[in-house]
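The listed protein sequences correspond, in order, to chains H and V. In terms of my numbering, the first sequence is residues 1 to 502. In terms of my numbering, the second sequence is residues 503 to 676. C-beta atoms are modelled at their ideal positions from N, C-alpha and C, and glycine is treated no differently. Since the structure is predicted, the reported quantities are computational estimates derived from the model, not experimental observations. What follows is a short report on a single structure.
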Amino acid sequence: MGLLDHIPHQSTVPAHRPWPRAVVAEEGWRAAIDQLVAGRATLLGFWGEPAAVHMALLDAASAEIAVVTYECASGSFPSVAIDHPPALRLERTIHDLFGLMPLGGGDRRPWLDHDVWGQSGPLAGRSVARATVPYEFLPAEGEGLHQVAVGPVHAGIIEPGHFRFTANGEHVVRLEQWLGYTHKGIESLMQGASLEAAARLACRTSGDSAVAYAYAFALAVEAALGIEPPRRAIFLRALMAELERLANHFGDIGAICNDASFALMHAQTGVLRERCLRAADAAFGHRLMMDVIVPGGVARDMSSYGIPAMQALLAEIKKVFPRLIELYDNTTSLQDRTVTTGIVKTEYVRQFGAGGYVGRASGRDFDTRRAIPYAPYGALSFDVPVLDAGDVNARVWIRIREVEQSVALIAQILDRLAPGEIRTALPAGRGPCEGLALAEAFRGDVLVWLRLDGENRIERCHLRDASWFQWPLLETAIEGNIIADFPLCNKSFNCSYSGADL
Amino acid sequence: MRKTLLESLTHGSLTEPAPPPDEAALAELVRTVDRAAQAKLGRSLAIRQVDAGSCNGCELEIHALSNAFYDLERFGLRFVASPRHADVLLVTGPVTKNMRQALERTFNATPDPKWVVAVGGCAVDGGIFRGSYACVGGVSDVVPVDLHIKGCPPTPTDLLKGLLALLEHVGGKG
Numbered sequence: 001m002g003l004l005d006h007i008p009h010q011s012t013v014p015a016h017r018p019w020p021r022a023v024v025a026e027e028g029w030r031a032a033i034d035q036l037v038a039g040r041a042t043l044l045g046f047w048g049e050p051a052a053v054h055m056a057l058l059d060a061a062s063a064e065i066a067v068v069t070y071e072c073a074s075g076s077f078p079s080v081a082i083d084h085p086p087a088l089r090l091e092r093t094i095h096d097l098f099g100l101m102p103l104g105g106g107d108r109r110p111w112l113d114h115d116v117w118g119q120s121g122p123l124a125g126r127s128v129a130r131a132t133v134p135y136e137f138l139p140a141e142g143e144g145l146h147q148v149a150v151g152p153v154h155a156g157i158i159e160p161g162h163f164r165f166t167a168n169g170e171h172v173v174r175l176e177q178w179l180g181y182t183h184k185g186i187e188s189l190m191q192g193a194s195l196e197a198a199a200r201l202a203c204r205t206s207g208d209s210a211v212a213y214a215y216a217f218a219l220a221v222e223a224a225l226g227i228e229p230p231r232r233a234i235f236l237r238a239l240m241a242e243l244e245r246l247a248n249h250f251g252d253i254g255a256i257c258n259d260a261s262f263a264l265m266h267a268q269t270g271v272l273r274e275r276c277l278r279a280a281d282a283a284f285g286h287r288l289m290m291d292v293i294v295p296g297g298v299a300r301d302m303s304s305y306g307i308p309a310m311q312a313l314l315a316e317i318k319k320v321f322p323r324l325i326e327l328y329d330n331t332t333s334l335q336d337r338t339v340t341t342g343i344v345k346t347e348y349v350r351q352f353g354a355g356g357y358v359g360r361a362s363g364r365d366f367d368t369r370r371a372i373p374y375a376p377y378g379a380l381s382f383d384v385p386v387l388d389a390g391d392v393n394a395r396v397w398i399r400i401r402e403v404e405q406s407v408a409l410i411a412q413i414l415d416r417l418a419p420g421e422i423r424t425a426l427p428a429g430r431g432p433c434e435g436l437a438l439a440e441a442f443r444g445d446v447l448v449w450l451r452l453d454g455e456n457r458i459e460r461c462h463l464r465d466a467s468w469f470q471w472p473l474l475e476t477a478i479e480g481n482i483i484a485d486f487p488l489c490n491k492s493f494n495c496s497y498s499g500a501d502l
Numbered sequence: 503m504r505k506t507l508l509e510s511l512t513h514g515s516l517t518e519p520a521p522p523p524d525e526a527a528l529a530e531l532v533r534t535v536d537r538a539a540q541a542k543l544g545r546s547l548a549i550r551q552v553d554a555g556s557c558n559g560c561e562l563e564i565h566a567l568s569n570a571f572y573d574l575e576r577f578g579l580r581f582v583a584s585p586r587h588a589d590v591l592l593v594t595g596p597v598t599k600n601m602r603q604a605l606e607r608t609f610n611a612t613p614d615p616k617w618v619v620a621v622g623g624c625a626v627d628g629g630i631f632r633g634s635y636a637c638v639g640g641v642s643d644v645v646p647v648d649l650h651i652k653g654c655p656p657t658p659t660d661l662l663k664g665l666l667a668l669l670e671h672v673g674g675k676g
């Protein structure tokens, strides 16, 4: 049975690929919400247009995907968040950007709109009135509570965001995040952009996931146009994606240990991370591999230094990393900080559809590379590590195991990399078409949905970072922990600010 | 742990020789930096990094400055947690309107003499985010900038060259 069999719909959109998009009335919209509430479907994305809202749903059992569209004839839509909390920040964002009103009560505070843009509903295409009331944090009541306000400028070299803690002594009673500080208006810059310019913007949605974003963006364009990149490009893409995953996981493992004052690990993984970036630079001419993946393939081939650089990197990791794993495992003072700290409950990661190490450390066995495989992952063999403890320690271990898997994947890719074409020309004049794609970034699944006009320009593009469904869980993870453990919890999530602020 | 520590001691250093200070950066500093302030700080600068809406790519490379290969602290340059402890603000991003006030407040909280270094293509003029309703479009539109380090993102070597130029100049050699 297909997802859409349970959702009464008026029509399906013909040029939406590879999964169906159905236009629904209120009855269908509510049926889709019911699927989410019942846990039969997971919310993959929720985004707006000037006169419509879309939800991407994933059937938890069959891994089938469908998009449902509700046309907001009167500038409003039935609220999803009122019944399904994971939709809340996305719903507040839709209201901020498009001026569309969710009906049914609930939290109506702005999210990205901090009332400084000089306009309301910047993507609405019409004038929208904004209620100017000061932002109020949710209350916490009890004896002896005090608040600690942190950010947007933080103490370390990290992105800006505001954290409002309510604490009783050292213990956190409530954490509330207020983000949006890095909102750059990426989706508005996308509108009307050429594919080349749009791919550059996608790369810079979250710089640490530049490859994953370019990958998802290219897959979405290729789905819309119905083309496939050449075989060599497909393998080079996966090579870059795994290299990016390695670099970020090394950085994270070290940074988490550093927040527990264990600098030795940070120094050692910092060296491994640097070696990954140097190998990337040698192979692809850019340390973060920005702007290499483009719709149709890759913009440039791997240099002649690429293969030896990758082989040297793999040899170094195989030599050094096992000793670092042992170091992590045998340092009790470190384990004392990470074990049982910042537990995320399994029911929450299921409900929120939290991807990446946040989901997999709490028992959600989901990785786009395996659940919704895109080329070449269907042809590669790898394990998806899953743990149940849900604490900081489990999120470290998922990363450790994923490093091992990425090393094995890179070795497989190098074995199969054959000479050949690297880019397929994009067909012109296919008419308006739409594409949806997911790619597994190091922190979880990135979703890209786009509509192209007849001349291969972006009419509308939505990029959804994995962080949207992870940030809210950080608020739950810190409850009952002490404020001093927050940096540790936060680093173990390493959510993207820029990716979720757009 | 013992083996790892011992190897670190016996296997020689990963740290690489310093690159020469960036000539263009020196030229820019000669135009902008107040000579009276130069003598006061010697060859040690405390840096406060401010992300004013970057994609976080610049932050990754700024982080890399502290790894064993670049070892920023050997030059007397170190990152501090508060603008009140800082001599230099290292600012990234196209300055989103949502971060404008925070950047101004951070600048005002930094004691004189101080320098502002704008890092990355966005920090120069907004870069690829220029023209968005949500971006101011360049750090110098909000606070006075003494030095630009370009690149998307600049490599750690680019960053080091720029910061060494600042250090040379502040140290009175520029």
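Rounded Cβ spacing between residue i and residue j (contact assumed at less than 8 Å)
{"i": "residue 190 (chain H)", "j": "residue 458 (chain H)", "result": "5 Å"}
{"i": "residue 163 (chain H)", "j": "residue 151 (chain H)", "result": "6 Å"}
{"i": "residue 341 (chain H)", "j": "residue 490 (chain H)", "result": "Not quite, the Cβ-Cβ distance comes to about 11 Å (not below 8 Å), so this is no contact."}
{"i": "residue 175 (chain H)", "j": "residue 478 (chain H)", "result": "5 Å"}
{"i": "residue 503 (chain V)", "j": "residue 264 (chain H)", "result": "7 Å"}
{"i": "residue 400 (chain H)", "j": "residue 357 (chain H)", "result": "Not quite, the Cβ-Cβ distance comes to about 10 Å (not below 8 Å), so this is no contact."}
{"i": "residue 72 (chain H)", "j": "residue 87 (chain H)", "result": "The pair is not a contact, with the Cβ atoms about 15 Å apart (cut-off 8 Å)."}
{"i": "residue 183 (chain H)", "j": "residue 598 (chain V)", "result": "6 Å"}
{"i": "residue 556 (chain V)", "j": "residue 664 (chain V)", "result": "Incorrect: roughly 16 Å between the Cβ atoms, too far for contact."}
{"i": "residue 212 (chain H)", "j": "residue 441 (chain H)", "result": "3 Å"}
Own chain partners of residue i with C-beta closer than 6 Å, once the 5 adjacent residues on each side are dropped
{"i": "residue 578 (chain V)", "result": "545, 546"}
{"i": "residue 417 (chain H)", "result": "235"}
{"i": "residue 620 (chain V)", "result": "593, 641, 647, 650"}
{"i": "residue 448 (chain H)", "result": "216, 217, 220, 437, 463"}
{"i": "residue 93 (chain H)", "result": "111, 112"}
{"i": "residue 474 (chain H)", "result": "493"}
Three-state class that DSSP yields for residue i in the structure shown
{"i": "residue 101 (chain H)", "result": "strand"}
{"i": "residue 208 (chain H)", "result": "helix"}
{"i": "residue 657 (chain V)", "result": "coil"}
{"i": "residue 181 (chain H)", "result": "coil"}
{"i": "residue 258 (chain H)", "result": "helix"}
{"i": "residue 600 (chain V)", "result": "helix"}
{"i": "residue 581 (chain V)", "result": "strand"}
{"i": "residue 520 (chain V)", "result": "coil"}
{"i": "residue 77 (chain H)", "result": "strand"}
{"i": "residue 336 (chain H)", "result": "helix"}
{"i": "residue 297 (chain H)", "result": "strand"}
{"i": "residue 392 (chain H)", "result": "helix"}
{"i": "residue 477 (chain H)", "result": "helix"}
{"i": "residue 245 (chain H)", "result": "helix"}
{"i": "residue 676 (chain V)", "result": "With a pLDDT of 39 at residue 676 (chain V), under the threshold of 50, the predicted position of this residue should be treated as unreliable, and no value is reported."}
{"i": "residue 637 (chain V)", "result": "strand"}
{"i": "residue 508 (chain V)", "result": "helix"}
Neighbourhood of residue i by C-beta, 7 Å cutoff - its chain only, sequence neighbours within 5 removed
{"i": "residue 627 (chain V)", "result": "639, 640"}
{"i": "residue 611 (chain V)", "result": "585, 586"}
{"i": "residue 200 (chain H)", "result": "291"}
{"i": "residue 206 (chain H)", "result": "213, 465, 496, 498, 499"}
{"i": "residue 310 (chain H)", "result": "279, 283, 410, 414"}
{"i": "residue 140 (chain H)", "result": "166, 173, 174"}
Contacting residues, own chain, Cβ-Cβ under 8 Å from residue i (five flanking each side not counted)
{"i": "residue 41 (chain H)", "result": "3, 32, 35, 57, 58, 59, 60"}
{"i": "residue 15 (chain H)", "result": "224, 431, 432, 433, 434"}
{"i": "residue 50 (chain H)", "result": "98, 123, 124, 125, 126"}
Residues bridged to residue i (per DSSP)
{"i": "residue 367 (chain H)", "result": "Answer is none; residue 367 (chain H) lacks a bridge partner."}
{"i": "residue 458 (chain H)", "result": "H:452"}
{"i": "residue 70 (chain H)", "result": "H:24, H:53"}
{"i": "residue 164 (chain H)", "result": "H:149, H:176"}
{"i": "residue 551 (chain V)", "result": "V:592"}
{"i": "residue 59 (chain H)", "result": "H:41"}
{"i": "residue 585 (chain H)", "result": "Chain H is shown only over 1 to 502; residue 585 (chain H) falls outside these bounds and no answer can be derived."}
{"i": "residue 435 (chain H)", "result": "H:17, H:450"}
{"i": "residue 445 (chain H)", "result": "H:440"}
Inset, instruction - Decide if the segment 400–410 of chain H is in contact with the segment 180–194 of chain H; the criterion is three or more beta carbon pairs, one per stretch, under 8 Å apart. - result: no
Inset, instruction - Determine contact between the segment 312–327 of chain H and the segment 424–441 of chain H, defined as no fewer than three beta-carbon pairs at a distance below 8 Å. - result: no
Inset, instruction - Determine, using beta-carbon pairs with one atom in the segment 516–524 of chain V and one in the segment 357–373 of chain H, whether at least three such pairs fall under 8 Å. - result: no
Inset, instruction - Mind the definition here: the segment 217–230 of chain H touches the segment 289–299 of chain H only if three or more C-beta pairs lie below 8 Å; say whether that holds. - result: yes
Legend entry - Three CB pairs or more closer than 8 Å across the segment 381–390 of chain H and the segment 108–127 of chain H: no
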